Every structure is written in structure tokens, then in C-alpha cells.
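Participant: Here the sequence shown stands for residues 4 to 1243, numbered as in my numbering. Every residue gets a Cβ at the ideal spot worked out from N, C-alpha and C, and that includes glycine. Owing to the predicted nature of the structure, the values given are computational and were not obtained by experimental measurement.
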Amino acid sequence: MAKILWTPEQLEAINHSKGKLLVSASAGAGKTAVLVERIIKKITDEKTNIDIDQLLVVTFTNAAASEMRDRIRTTVVKQLEEGNTYSKHLERQLTLLNKASIGTIHSFCLEVIKQHFEQLKLDPNFRVANEIETVFLQREVIEGLFEQKYSEGDLGFAYLVECYGGGRSDFMLQDLVLNLYEFARSNPWPEYWLKSIEQNFYIYDNKDIDTLVWTDNLKMGVKLELENVFDSLKRALALTRRPDGPWQYEENILADIVLTEQLIDLCFGTWDGLYKSFNSIEFISLNRCSGDINENIKNQVQDIRNTAKKSINKIAQGLFSRTSEELLSDLNKLSPVISDLINLVIEYGEAYTCAKLSKGLVDFDDLEHYCLQLLLDKDSRPGREIPSEIARELSKNYIEVIIDEYQDINAVQETILNLVATHNNLFMVGDVKQSIYRFRLARPELFLKKHRTYSFDRDAIERKIDLNKNFRSRKEIIDGINFIFRQIMSQQVGEIEYSKQAELYHGADYPMIDLLDGESTVELHLIDLKEELLEEEFDVLDSETEAIDAIRIEARFVAKRIKEMVCEGKENAKPFLIYDRELKDYRPVLYKDIAVLMRTTKNWANIFLDEFHAAEIPAYTETGTGYFEVVEIKTFLSLLKIIDNPRQDIPLAAILRSPIVGLNAEDLGDIRLYCPNGSFYDALKEAAASETGYLNEKLNEFLHNLERWRSLARSSDLATLIWTLYRETGYYDFVGGMPSGRHRQANLRALFDRARQFETTTFRGLFNFLKYIDSIQESGSDLGTAKALGENENVVRIMSIHKSKGLEFPIVFVSGLGKNFNFQDFNKDILFDKDFGLGPAFVDPEMRIKYPTIMKLAIKNKLKFETLAEEMRILYVAMTRAKEKLVLTGTVKDCEKSSARWCQNVDSYEWQLPVGSMANARSYLDWICPALVRHRSGEIIRKLGLCDEPPPEFIKNDSSEWDINIYKYNELDVPLEVNVAAKYEDLIDKVNNFLPLEPQSDFVEIIERNFSWKYPYWDIVGKPVKLAVSQIREATSIAESYGANNKKTKQNFSIKRPKFLQGFEGPLTPTEIGSAVHTVIQHLDLRKGLEEEDIKDQINDMFVREHITAEQLESINIEWIMDFLGSELGRRILEAKSVRRETPFTIALPISKLYPELAEYTKINESILIQGIIDMLVEENDGFIIIDFKTDKVRGNIDNIVERYKTQIDLYSQAVEIIMGKCVKERYLYLFDINKGVAV
């Protein structure tokens, strides 16, 4: 492996030694490599003599922690192999590595809690609840709390339900309580935070609205909205001044511009000043427009002005329709309701904690808060966190605290780590441009605050280093990404300036190669849907019911583009080439080199998957939804439901109609006639008793099975029940034969695994499991379908952008860029914010009115900008996954109108586009396209938008290269399904005319070769892997016993009498008598007296100790024992060096030793395990004696008996000599029937 050439900035980060350090590492900058190298440097430096367990390394995921351990282990092992002089210390690091503090913040918290659980009054056997248990327990507690409140007749609670309960059920209010509780727990002082936000609603008389914390935020939101209006009006003004433009409108547009400028200026003044101005706005009607005017331009100006008026009127109606006194009065009126809500959340928290403690459980939030409780001194207060004695002791253990993915940390985690790192020994690594987990309550502003305040100065106690050299992507991709984000990412939209320090710099080494004609590294493809689909279909393009046809069109285009790149099976076609670092050369792209990324896979991924399959592109997607909608899961859950309660008509009918029973619709109709008004189960039983023929058989068989399964559900665990049902119904095998059968079986296995996991919780049984499933579905949640894909399979990956974080692919498609951002959460009755608190809607149940309070509008505005910043970072993550080619795709409802809007700032002379325009983006295309219209390749968009203004030359001639294409839907190639039909037209014709068919697969030769192939070691197939000596004792060789033709000879087996029958009367079999004798000899104490009475006493003692049964006691022939001990063999046993009885052994012998006819296989080292038990092994000074006891009746020649057992004794001898390393000098069969030891 080549030595890494570190950049100066990377070396600075690796070698930094004093004070806190924040490393801002851009995408592909080698962040993990730097982290690992820093750790290696610390533990291999002889001067510092640091052990790996003196570092606290916090990662974001367990997988990242595991990868870091592996990298450290590999590096240390390599240094040891290279003869590092510090080898003893390095060997010590390998020993310490497994217990080193490298893991997630939760694993660290868990360790602290385990060491000090007694201070928290936790059960020492506590465990972390899994997700299933947490959800179930939360729902149980909240429902119990609501029932209690109803029974108490709490009027405040009743009014709260009336205001925010949702009407039909309490589910909305329950969710509100659960979500607010979880949100509060992301604060180090949750109860304090809840109580403090309650104070926001107690507004004193004559309170100045401009002094409230959220007023400035609202005014800045208004300002940005107006700035966007101003920019669009400037574009309209330019259109009126074109030679063929509507010059009569110029006066009107100028007046609107002046009005907008005045409103923008007022945003720096008082709220009441804005109120007066917005309530006195009057727009002048447009002047008459006639003459030689371009109608398209005229309509465009009218559209721009109408949009501007709508925006201004929307602000006026939303914020300035009521006086400031009225706005503040609303908050005062809501204060009792909010107080009741907060008290309800606190009560829920207490009840939930009690429920967890009673079950010995903690959840992941508890891990953080219990740990924080241990680390905080009792005198700590919010904003004044003092380390406890435990924290101070912990901080002594760690030379440095290293935090990976610091941009995704939350406030509780930040507090914990600061309490441990008390000596300015924090090393933080992350990239705020890749912080995309705000929905998990991450706090990227913690990173941003440090990045703004820390210094680049090497001697600073709080220092920052930027790593911005990208070692992943081609320069063309780097240039393209920089061109976009340089224009769109700002402090206001994106929460960080895309400055020179934030830009990516090329660092990857790719050998030069000539691209194919017309091939570009970075592409944008827009599909114009205008007039191709009904207008109303696209009114909901941004909702959960996206126009399916629009998604399908885009998916079909992406499939076509992938086929063009791969060129599979096409003669003379030139595929796209990618560089393979293992081959150290270029090769044609494979499907597995391609990933299709999208903002959400819901409603999108499966359509893409269908279109890819139609295009014969192998593809795979792992969605986080859809599990409960797949037919195999719906069917099987129906079966479980009727096993729990058969009086459920819909699940019962579903099972009867399913392949499990196999009835048709007519059969179901006949069954219903037996009981038209009762439950379907009653009708089913009536039909089973009355019907004849095949239906009678089916119904009775099903009812019989159903009762048996219901009994099984009561007596066995859930996982056993489910697997039994899979086996007995054959449904698991059935779905395996359906299309995507492998994936369907994986879904059923996942259900089994989830059931098994559920059984480990404190909630068990079928009823609770079904209740848990129902609660997931009722809450609108879902589970992802099972994964059924190996890492190296040659398929296109379709995944969400979040799933792709941390990954990289040679070719990346970022699709669905025209999909509108999801702002639906802003419509909830109550919004939360860490700074502003709660933003409720004002609700008056009596008057039946509801409208947003000023506080809700303020939080909504703040959340909008936080959401836009998150979306911008998500786009950045998506685009930076690409190594060699980046393809952006999206559909546009009306490309002409959109292009005109995208062009409104084309001539802006600043690199950064106006913030107002960026803040009003509705989709990723509203960021990408306004940037690209200023590129020289953006001419196609400018023309469509009727834009004559040229972009600034220094922007237009940027070094990035873009291939931009716009397609009308009807200009694209023939739909894929038409192509598929055409492909099989000849085949269909031959089938219809009963003509012979040619092989239809390119794999015919491979299939024939595979089926005709003969396994070279077929002769040893079927030979046993393991043999017991007892299986071969009656043969003179294994070949005779097992058969040279691989057929077992008929064997007589004696089966031990079951324990529950051993007390029954009846004579013992000869085999059972033999076992009794063996047991007596095994337990006989040879050191005690061996007279007859002594032997009897010992045998009676064996009965008392339950070594033998009463029947065996009666069957023992004392004379046999006495004669044996008095024989020559008996004398030698008593004088022997050692005696081993019932000695088990296992040896491996070459297959040729046991099967001489297979001697040719000696070279493949095949062997067979031989197991046996030696009755007695007597050790004398010069070797061992083997004695095997036989109680068989001796009939005929003794030589026959010796021959019969010779192979067995031979194997005993080999085993002893191999294992003991000492020869076997004598072997005997002791025949009790004739009291004689016979040499073998």
C-alpha cells in the first residue's frame, strides 16, 4: 500500500498538541484517515507514552466506531510487522484496543451509568429498551395518563383536548405530548426549558412588541420576502424596456418597485410602522397595452406583477391584519392552555420514567440524561454547569476527547463532553455543510458558533483548521459543485458562507482520458411536462400524492441514460469508462458503479425500480416504508389476527381468499349465505357443517388448523408460532416462487426476526405484538422492507440522500430535483423551537375559529430558514457523492415560466445570488437553475425564459463544464414498455402459431455447461462427515459397513427406554442389562473392599445416588463382577498405574484409511471424524491395555466374536496412540457370559 502524502493542513490537524481544535473537513477531505492517523501518532510516540484507553473517541454510529477500531488495529499490526522499535508498547495497544473508549456517545454514557448506577437508584440489572419496547411503553403510558385525566374530570385537560385534540380521537394531542417531551429532552435542562417557555405567554399590559425576542426574526423574514419581490419586479422592468416589450407597463412597474423599496426600509423600523404601511397599500391597475407588442413578453410581465402583488398581500393578511395589541392579547388568552399542556408533558415524563424503572429499562435519552446527572455537581444551574467529582475523575483518565461528526451533536451531548474535557483537550471534526440530521434534533449551530469564534492562529487555545481538498471526485465535478454553491449558499440560507475556505479543492488523482464525443462529466437534464399531462395532476406535485406519471417519466429517462452509459449487449457501442484503482486502469462502467439518489424514496423508489426492471436494468432499493403494504406481510398479519381473534371479518376473508386456503369469490359468497347477518366466522362454521364436497373438506381442514394454531399461540412463544405457520401453510415457499420471491421471503424472515425481538421485551404474546403493529400503522409510521442484497451484486442502487451519506459512487444520478420541499410540518397546530419555545395556533372551540398566533408565525419563519438550510446541505451531500460523473435530473411543470423566474437575477454582479430569491426556493431546481443561467452553458434556459441580459463575464466563463438539456416529454424516445412489447412481438407470434422457439437467453450455453458439469469428487459425496464406532462395530471394515456403493446396510438399532417408562414393570432387554453392567463398572470404587458384600454395598449406593434404577439393580449379576475382579485382568487392573473408565474420544482419520477404494482422494486431505467411548483403559509402565466389556450370549466360535469387534478395537487403539502418544500393547474383549478375557 502506497504511503499517504498528507497535505499541510492535514498534518497540522494530525500533529496539533495544545488547546482545543475544530477541524472543518469538507466532503472527501480524508477526515477519517486524519482522525485515525492522529490516534496512531499519539499511541506510537515514545515521548508521550500514551495508551489507547487514555483517549475518548466519540463517533456518530457503531459502524463508524467499528471501522475506526479496525483501521487502528490494521495500522498497529503493520507497524509491528515492519519491526517498530516501540513494539512492546504497540502490543499493549492491541490488547487495550477492545476495551478502549471508542464508540458512540450512548456507549460512553452507558459505561458511566454502569459504574455509578447506585447513585441513580437504578436496578443494577437494568437494560436498554429496544425501539419496539420504547414505542409500546410510551403509547401505554400516554393512554393510561389520558384515561386518568378523564376519570379525574380535569377541566383544564378537557379544554386542552377540545383545542388541540383533533376532534375524532386523542391521537393528535397524544402525539403532541410525546413530541414535545422528546424535543424538551434534547435540552440539558428539559423541565427548566418547559417552564421557561411557559413565561412567554404572560404578556404584561403595554408591552412593546418590538422588545420581544422573535419580532426581529419576523421583520427579517418580511424583508427577505420583499427583496425577492423587488428582484422579480426589476426583471419585469427589464422586459418592458425590450424593443418588443410592453413599454406601457413601465410606469406601473416602477411604482411597484418604489412601494417595495419603501416597505423594505420600514423593516428596520417599528412593527406598528409596518402595520400601518401594509394596511394602506393600493396597487394601480396596469395601463392599457397595444401596438406591436410581443404577447409572450407581455404575459410574462403580467405574471410577474401578479405574483408580486400576491406575495405582498399574503404578508399583509398573514402578519398585519391585526394590531400589535390584538396579537399579544392572543398569547395572554392562551397562557392557561399552554400551562396545562406543559404540566401534562411533565406528568407524562414522570409516569414514563416510573414505568421504565418498574421494568428495569432505560431508553437512549435516559442514557444521556442519567450520565449528565452523574457528571453535574449538585450546585449546577442552567448556563452554569459545574463538573461533579465523577466528571473530574473521568477527565483525569482521558488525555484527549476526540469527537467525530461534530456537526450532528445535540446540546445534551455537548454538555456531557464539555464536562469530561475540562483541560482544553477537545479535538472536534466535522463539516457543517453535511449536517443533515436536524430531524434527530442535531444542533449544527454549535459547530457554527465555534467556527466563527475559533482562530486560524497556530498558537490559539481555541483553534480551527479547514480541510477542503477533495480526494474523491474529478476536478470537473469539484468545479461544478463550487459553481452552484458559491452562488446559493449563504449565512441566511445555508447558515454558512460558501467562502474560499468552504469551497472544495481538487485533490484526487485520475489518469487523463479522452471523453466520448458529446460526453460530459456534469449534466443537468430538465423534462418539461407542460401540456403533456392534465394540469390538475400537477397541482399536488409537492404533496404525498405526487403525480405518478411525472415520476415515471423521469425514471424512464434515467433508465435510458443508464443504458446509454453501460451499453450492455450493444455491438460497436462505447460504454462510459471509469477508473478502477484496483486494476490501476480504466474499465467499462458496471451497473454496481451507479447510484440514483433522491430526497425521499417514498412514492419514488418503487416507480424507479419498476421502470429499471422494464428496461432490463438490475436495480435495488431499500426503502424506509412500504413494509406493511406488501402482499406477503398483509396476508400473514391477517392470519395472525384471526389466530388472535377469528371474529374479524376482513382478515378472515383475506386468508380464505389467499393461497393459504385458496377459496374464490364465489366460495366466499356461498359461505356468507349461511349467516347473512352474523360474523363471517359464524357463517364459516355453518358452511363447514353443511357444505359437501371439496368446499367442505377445505373449510373443515382450515377450521381444524385454526384451532390448533390458536392453541399453539397460547402455549408457545411468538417466533415459534410464526415459523410453524410458515412451514405448515407453505406460504413462505409459495411467495418464494412469486416475482421478487427472494425479497418477499426476506420480508417474511424480517417479520419473524421482529417477532423474536418483541419476545425479548417485557411485552410478549401475539395480542401485544399485533397491538404494537397497529400502533405503528395508526401513527402513520412504517417499516422498511427487508434487505436482500449482497454488497458486490451488479445492480444500480436507488437510495435516499440520507442513506448515501458517507458513501461514494463512480456515477451518481441525483433525481427528483423538481419535487417541492416539504413544509407540511409547519401546518401543525403547535410548533416547537429551542429558542422561541412554543408557537400555537389560537383556538376558540366555542366560536369554532382557529388561526396562527404571532408566535407561531415567528417560529414558522425561523423553521422555514432552518429547513431551507438543511435542504441546501442535503443537496451538497448528494452532489459530493460522485467520483467520476454527476447527473442531475428533474421534471418541471412549465419550463418556460420557470425559466423566466430563474432568470430574474441573471445579471447580478455578485457571485452570491440575492438571499431573497434563494429563500423563496420551492425545490432544488430553484437553486440550481438560477445559478446555471449565469453559466455559458445556461443559454438554453435563458432563451426559454426570454432573457436577453447577459450574465457577468467572470461568472459566465467559469472553469466548470456543464451539459444542460431540456426535453419536452413527447420529444423523448418511445416509452420503455412499447420497446419491450416490440422486442417480444416475434416470440408472441410464434407462440400463437405453435412454431418452434429458439433459445431466448444469452445464457443458454452457460446453463447447458452448468447442467452437464460433473462434480469431480462425486464418489465421496454422501460419505459421512462423522461416524460413531458403534455404527461400524459389526463390520470388518468401514467399506463393508457403509457400502462401497454409498448405500447403508440394514442395521439393528437398540433404542434406550425413555426415562418416563423406566419405572414401569417388565424385564430389561439384553442391551439394557449390558448398559447396567457398564454403569456399575464405571462407578465401582476400586480402592474400597472388593468382597461380595462390599460390592453389593457399592451397587446399592449407586442406586441411592440414582446412577442406576431399581430395575437395573435387580438385573445386576454380582457373580459377573466378582469373577471379573478375580481374573488375571482384574488383578492387573488393581495393580495398574492408572485406570480410565468410559473414556470418550474423537479423532480425524483420512478417508482412504476408512474407505480403501477412495485412496485417490488422499491428495485433497478429506477426513472423517470418528467418535467412541472406551470401556476401560488401563495404563501400565510400558503401554496401555484396552478392555471392552460384552454381555452378549456367546453362541458358537469365539473367533467369530473377535472378528466381529476387531474393527472397533482397531479404532480404539489408533485413537489412544494418537491422543496419548503411547502404544497400546494389549487389547481384550471381556465376555461376561463365559467369564473370560479374549485377546484381540
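1. Check the DSSP bridge columns for L24 and list the partner residues they point to.
2. Let me check understanding here. Comparing Cα to Cα, which of T723, D517, E731, S718 lies closest to H707?
3. Find out if the Cβ-Cβ distance for the pair D434, A28 is shorter than 8 Å.
4. Span of the beta strand (DSSP E) holding R925?
5. If the criterion is Cβ atoms closer than 8 Å, does the pair L1214 and G1175 meet it?
6. For Y457, which residues from the same chain have a beta carbon less than 8 Å from its beta carbon, with the 5 sequence-adjacent residues on both sides left out?
7. Just verifying my parser: in three-state terms, what is the DSSP assignment at M802?
8. From what residue to what residue does the alpha helix (DSSP H) around L721 run?
9. Enumerate in chain order the residues of its own chain whose CB-to-CB distance from Q504 is below 6 Å, with the five nearest sequence positions on each side excluded.
10. Can you tell me where the beta strand (DSSP E) holding Y854 begins and where it ends?
11. Kindly list the residues whose CB is nearer than 7 Å to the CB of I1023, restricted to its own chain and excluding five residues on each side of it in sequence; keep chain order.
12. On the DSSP bridge assignment, give the partners of M1179 in chain order.
13. Name the residue from L751, G740, M741 whose alpha carbon lies nearest to the alpha carbon of L728.
14. Assuming V569 contacts V592 (C-beta within less than 8 Å), just tell me the rounded distance between them.
15. Apply the 10 Å Cβ neighbour rule to A67 and answer buried if 16 or more other Cβ atoms are within range, or exposed otherwise.
16. DSSP on N1238, reduced to helix/strand/coil?
17. On the three-pair Cβ rule with 8 Å, is the segment 814 to 831 touching the segment 920 to 939?
18. If you check the beta carbons only, do Y1231 and A1242 fall under 8 Å apart?
19. On a Cα-Cα basis, can you pick out the residue from E762, N335, A691, A692 that is closest to A716?
20. Just to confirm the assignment, what range does the beta strand (DSSP E) spanning L1030 have?
21. Between the alpha carbons of R1198 and Y1020, how many angstroms are there, rounded?
22. How should K117 be labelled, buried or exposed, when 16 other C-beta atoms within 10 angstroms of its C-beta is the threshold for buried?
23. Using the beta-carbon count (16 or more within 10 Å), is N1200 buried or exposed?
24. Return the first residue and the last residue of the beta strand (DSSP E) that M601 is part of.
25. Taking 8 Å as the threshold (C-beta atoms), are K478 and H528 in contact?
26. So, are the CB atoms of N133 and T764 less than 8 Å apart?
27. Applying the 10 Å Cβ sphere with the 16-neighbour rule, what's the burial state of N65?
28. Quick check on DSSP: helix, strand or coil for E498?
29. Does the Cβ-Cβ distance between I43 and T78 come in under 8 Å?
30. Alpha carbon to alpha carbon, how far is F845 from L322?
31. May I have the straight-line CA-CA distance separating E811 from F579, to the nearest angstrom?
32. How about G840 and K863: are their beta carbons less than 8 Å apart?
33. What's the gap between the Cα of L1137 and the Cα of R1090?
34. Terminal residues of the continuous beta strand (DSSP E) containing Y252?
35. In three-state DSSP terms, what is S324?
36. Determine the contact status of A861 and W217, defining contact as a CB-CB distance below 8 Å.
Facilitator: On the basis of the supplied data:
1. The residue given as residue 24 occupies position 21 in the sequence shown. DSSP, once it has assigned bridges, lists F430, R466 as partnering L24.
2. As a working note, residue 707 is residue 704 in the sequence shown. Among T723, D517, E731, S718, the Cα nearest to that of H707 belongs to E731.
3. Taking the sequence shown and counting its residues from 1, the one referred to as residue 434 is at position 431. Taking the sequence shown and counting its residues from 1, the one referred to as residue 28 is at position 25. Closer than 8 Å, so yes.
4. Working through the sequence shown from its first residue, we reach residue 925 at position 922. No beta strand (DSSP E) holds R925; DSSP gives it neither H nor E.
5. Here the question's residue 1214 lines up with position 1211 in the sequence shown. Here the question's residue 1175 lines up with position 1172 in the sequence shown. Yes, these two residues count as a Cβ contact at 8 Å.
6. Stepping through the sequence shown from its first residue, residue 457 is reached at position 454. If we look at Y457 and ignore the five residues flanking it on each side, its Cβ neighbours are K23, L25, A463, E465, R466, K467.
7. Mapped onto the sequence shown, residue 802 falls at position 799. Three-state result, M802: strand.
8. Stepping through the sequence shown from its first residue, residue 721 is reached at position 718. Looking at the DSSP string, the run of the alpha helix (DSSP H) that includes L721 is 721 to 732.
9. If you number the sequence shown from 1, residue 504 lands on position 501. Cβ neighbours of Q504 beyond the five flanking positions: D469.
10. Walking along the sequence shown from the start, residue 854 turns up at place 851. Its beta strand (DSSP E) spans residues 852 to 855.
11. Here the question's residue 1023 lines up with position 1020 in the sequence shown. These residues qualify, in order along the chain: I1154, L1161, Y1164, E1169.
12. The residue labelled residue 1179 in the question sits at position 1176 within the sequence shown. DSSP output for M1179 lists R1144, I1190 as bridge partner(s).
13. Along the sequence shown, read from residue 1 onward, the residue named residue 728 stands at position 725. Ranking the options by Cα distance to L728, first place goes to L751.
14. Working through the sequence shown from its first residue, we reach residue 569 at position 566. Working through the sequence shown from its first residue, we reach residue 592 at position 589. Between V592 and V569 the Cβ distance is about 6 Å, and since that is below 8 Å, they are a contact.
15. Walking along the sequence shown from the start, residue 67 turns up at place 64. Its Cβ being crowded by 16 or more others within 10 Å, A67 is buried.
16. As a working mapping, residue 1238 is identified with position 1235 in the sequence shown. N1238 falls in the coil class under three-state DSSP.
17. yes
18. Within the sequence shown, residue 1231 is the residue found at index 1228, counting from 1. Within the sequence shown, residue 1242 is the residue found at index 1239, counting from 1. Yes, the Cβ-Cβ distance between Y1231 and A1242 is below 8 Å.
19. In the sequence shown, residue 716 corresponds to position 713, counting from 1. Selected option, being the one with the closest Cα: E762.
20. Numbered from its first residue, the sequence shown carries residue 1030 at position 1027. L1030 -> beta strand (DSSP E) spans 1029 to 1031.
21. Translated into positions along the sequence shown, residue 1198 becomes position 1195. Translated into positions along the sequence shown, residue 1020 becomes position 1017. Taking the straight line from one Cα to the other gives about 43 Å.
22. As a working note, residue 117 is residue 114 in the sequence shown. K117 should be labelled exposed.
23. The sequence position of residue 1200 within the sequence shown is 1197, counting from 1. Classification of N1200: exposed, given that the 10 Å Cβ count is below 16.
24. Translated into positions along the sequence shown, residue 601 becomes position 598. M601 -> beta strand (DSSP E) spans 597 to 601.
25. In the sequence shown, counting from the first residue as 1, residue 528 sits at position 525. In the sequence shown, counting from the first residue as 1, residue 478 sits at position 475. Not a contact, by the Cβ cut-off of 8 Å.
26. Here residue 133 corresponds to residue number 130 of the sequence shown, with the count starting at 1. Here residue 764 corresponds to residue number 761 of the sequence shown, with the count starting at 1. Contact flag set, yes.
27. As a position in the sequence shown, residue 65 is number 62, starting the count at 1. Flag for N65 reads exposed.
28. What you label residue 498 is simply residue 495 of the sequence shown in a count that begins at 1. Coil.
29. Taking the sequence shown and counting its residues from 1, one reaches residue 43 at position 40. Taking the sequence shown and counting its residues from 1, one reaches residue 78 at position 75. The answer is yes: Cβ separation under 8 Å.
30. Counted from its first residue, the sequence shown places residue 845 at position 842. Counted from its first residue, the sequence shown places residue 322 at position 319. Roughly 14 Å between the two C-alpha positions.
31. For the purposes of this step, residue 811 is identified with residue 808 of the sequence shown, where counting begins at 1. For the purposes of this step, residue 579 is identified with residue 576 of the sequence shown, where counting begins at 1. The alpha-carbon atoms of E811 and F579 are separated by roughly 18 Å.
32. Along the sequence shown, one-based indexing puts residue 840 at 837. Along the sequence shown, one-based indexing puts residue 863 at 860. Contact: no.
33. Looking up residue 1137 in the sequence shown gives position 1134. Looking up residue 1090 in the sequence shown gives position 1087. Taking the straight line joining both Cα atoms gives about 8 Å.
34. Indexing the sequence shown from 1 puts residue 252 at position 249. Segment: none, Y252 is in no beta strand (DSSP E) and carries neither H nor E.
35. Numbered from its first residue, the sequence shown carries residue 324 at position 321. Coil.
36. Here residue 861 is taken as the residue at index 858 of the sequence shown, counted from 1. Here residue 217 is taken as the residue at index 214 of the sequence shown, counted from 1. Result yes, Cβ atoms of A861 and W217 sit closer than 8 Å.
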